[in-house]
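Residue numbering for the sequence shown follows the working numbering, starting at 9 and increasing by one per position.
Below: the structure, in structure tokens.
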Amino acid sequence: MVRQIPRRSHSSRTTSPCVSGAKATFEQSGLGPKDVDFAELYDPFSFEIIRQLEAFGFCGEGEGGDFVMNGRIRIGGELPVATNGGTMSFSHAGVAQLLQKPLNAVLQLRGELPPQLTVPDAKVALATNGGSGALFCDVMALGKEPVR
């Protein structure tokens with residue numbers, strides 16, 4: 009299901025389209041931040057990760073910097089983020105990068121990444137894309153379900 013989120017004025021980094029997108033994603037999937045094993049967050053700038061961690065409810069507003077600096081986003085941490093190094097260190101290939109986050113999430117869930125980049129036993133991923141100064145944000149939950 010695709011849902012259009014209306015645009016509105018935003019005064020806080022946690023009242024952005026990312027908040028609406030994450031809320032809709034979590035509601036539609038029946039999941040919440042505690043269910044996510046890793047996140048492939050759009051990361052053109054280091055602050056963007058912090059902003060999204062706060063906006064999506066992984067930590068409170070103003071707590072994102074400490075969340076990152078305390079190592080909670082590294083592989084083996086509470087919420088591994090940008091497990092392939094992200095767009096700042098891996099690649100920012102213009103429009104093509106819009107597929108990079110969901111593709112890496114799928115590879116991670118399938119266990120097809122090198123061991124040093126693998127999140128053990130990952131079953132649920134959150135992947136995002138954004139742009140235009142955070143005026144839009146795509147949020148998707150991806151999961152691994154047992155074969156029936």
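In this text, a Cβ means the ideal position worked out from N, Cα and C, and glycines have one as well.
Original post:
Roughly how many whole angstroms lie between the Cα atoms of G40 and L150?
Top reply: Distance between the alpha carbons of G40 and L150: 12 Å.
Original post:
By how many angstroms is the C-alpha of G94 removed from the C-alpha of L125?
Top reply: One Cα belongs to L125, the other to G94, and the distance between them is close to 12 Å.
Original post:
Over what stretch of residues does the beta strand (DSSP E) that includes E48 continue unbroken?
Top reply: E48 -> beta strand (DSSP E) spans 46-48.
Subject >> Alpha carbon of G73 to alpha carbon of E56, nearest angstrom >> reply: Going by the C-alpha atoms only, they are around 11 Å apart.
Original post:
Does the segment 42-51 touch the segment 77-93, meaning 3 or more C-beta pairs lie closer than 8 Å?
Top reply: In short, these stretches touch, since the Cβ pair count reaches three.
Original post:
Cβ atoms of M148 and A135: under 8 Å apart, would you say?
Top reply: Yes.
Original post:
When burial is assigned at 16 or more other CB atoms within 10 Å of the CB, is E69 buried or exposed?
Top reply: In summary, E69 is exposed, with fewer than 16 beta-carbon neighbours lying within 10 Å of its beta-carbon over all protein chains present.
Subject >> Beta bridge counterpart(s) of T136 as assigned by DSSP >> reply: For T136, the beta-bridge partners assigned by DSSP are V147.
Original post:
If we count the other Cβ atoms within 10 Å of its Cβ and call it buried at 16 or more, is E62 buried or exposed?
Top reply: It counts as buried.
**OP:** Please check the pair V127 and P88, which I expect to be a contact at CB under 8 Å, by giving their CB distance rounded to whole angstroms.
**Re:** About 5 Å; that satisfies the 8 Å criterion.
Subject >> Inside the segment 31-113 only - beta strand (DSSP E) runs reaching at least 3 residues >> reply: Counting only runs of 3 or more, we get 46-48.
Subject >> CA-to-CA distance, P123 to E71, given in whole angstroms >> reply: One alpha carbon belongs to E71, the other to P123, and they sit about 30 Å apart.
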